[in-house]
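Shown next, in structure tokens, is the structure this report addresses.
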Ligand SMILES: Nc1ncnc2c1ncn2[C@@H]1O[C@H](COP(=O)(O)OP(=O)(O)OP(=O)(O)O)[C@@H](O)[C@H]1O
Ligand SMILES: [Mg+2]
């Protein structure tokens with residue numbers, strides 16, 4: 001079942017008097033609980049497509065449908081609300097706050113997303129999610145004492161703490177060695193297969209493609 005649809009997506013960047021078409025008539029459907037990998041040469045438009053799909057950047061033309069709503073016709077505040085409630089994000093670097101413990105990173109996320117959970121619910125959700133990413137025993141650690149893979153697992157915990165339906169990941173393993181990449185990919189694969197989270201992931205790493213249920217390739221702003 002498709003939960004998210006991109007139709008006829010176009011993106012233009014203006015440089016002075018000229019403009020460049022970066023995305024050309026993109027159609028893409030994401031199925032519930034499926035891990036889709038987005039691949040293609042550098043500059044083909046993968047990150048642009050991912051950030052547009054995730055509502056982090058505006059499109060020039062086209063339709064983004066999610067849960068019976070059309071994101072492309074919403075105002076900024078409405079998009080922000082959908083994003084905060086239903087989407088999670090993971091990037092190449094974990095971007096953790098250096099002076100907060102693992103537990104506190106997640107508390108901050110819960111407060112920022114205005115989830116309004118009771119103290120007890122907050123704590124039990126944090127415990128749950130840290131166990132899911134196998135970082136519960138590190139809950140009092142600071143980022144500087146974690147490996148790259150562990151930091152990325154905390155970033156994933158932070159991205160799924162509010163139980164999003166869709167996880168957008170842009171090269172989540174690009175800063176990791178192969179052993180840590182495998183750990184992070186196995187985790188992301190498990191989020192899709194066990195928690196039924198729909199994942200759209202950009203990757204450059206061919207070794208990671210075996211974790212994807214579907215591979216979509218981009219070339220020059222088009223899906224091929
Ligand atoms: N804000 C912007 N303004 C102008 N051009 C942009 C902007 N963002 C991206 N581009 C251009 O759009 C094209 C696609 O960029 P994008 O970052 O989506 O590629 P990518 O496939 O993610 O590449 P990589 O694999 O290197 O991350 C590039 O030519 C880039 O220079
Ligand atoms: Mg990119």
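In UniProt numbering, the protein residues as written are 1 to 224. Just so you know, even glycine gets a beta-carbon here, dropped at the ideal spot from N, CA and C. Given the structure is predicted, the values throughout are model-derived calculations rather than measurements.
Residue i versus residue j: straight-line alpha-carbon distance, rounded
i: residue 277; j: residue 224; result: As displayed, the chain neither begins before 1 nor continues past 224, which places residue 277 out of reach and without an answer.
i: residue 152; j: residue 105; result: 12 Å
i: residue 157; j: residue 90; result: 10 Å
i: residue 141; j: residue 74; result: 40 Å
i: residue 164; j: residue 15; result: 36 Å
i: residue 133; j: residue 18; result: 46 Å
i: residue 76; j: residue 26; result: 22 Å
i: residue 221; j: residue 44; result: 5 Å
i: residue 83; j: residue 178; result: 31 Å
i: residue 103; j: residue 4; result: 31 Å
Close beta carbons around residue i, own chain, < 7 Å, minus the five adjacent residues each side
i: residue 150; result: 135 and 138
Contact check, residue i vs residue j, beta carbons under 8 Å
i: residue 202; j: residue 36; result: no
i: residue 52; j: residue 9; result: yes
i: residue 267; j: residue 154; result: Residue coverage of the chain in this structure runs from 1 to 224, which leaves residue 267 outside it and unanswerable.
i: residue 57; j: residue 174; result: no
i: residue 40; j: residue 219; result: yes
6 Å CB neighbourhood of residue i in its chain, flanking five on each side removed
i: residue 38; result: 46, 202 and 216
Cβ distance (whole Å) where residue i is taken to contact residue j below 8 Å
i: residue 172; j: residue 161; result: No, residue 172 and residue 161 are not in contact; Cβ-Cβ is about 16 Å, not under 8 Å.
i: residue 30; j: residue 72; result: Not a contact, Cβ separation roughly 16 Å.
i: residue 197; j: residue 33; result: 7 Å
i: residue 11; j: residue 59; result: 6 Å
Per DSSP, cross-strand counterpart(s) of residue i
i: residue 19; result: 14
i: residue 5; result: 29 and 65
i: residue 36; result: 200 and 214
Residues of its chain near residue i, where Cβ-Cβ distance is below 8 Å and the 5 sequence neighbours each way are ignored
i: residue 21; result: 10, 11, 12 and 221
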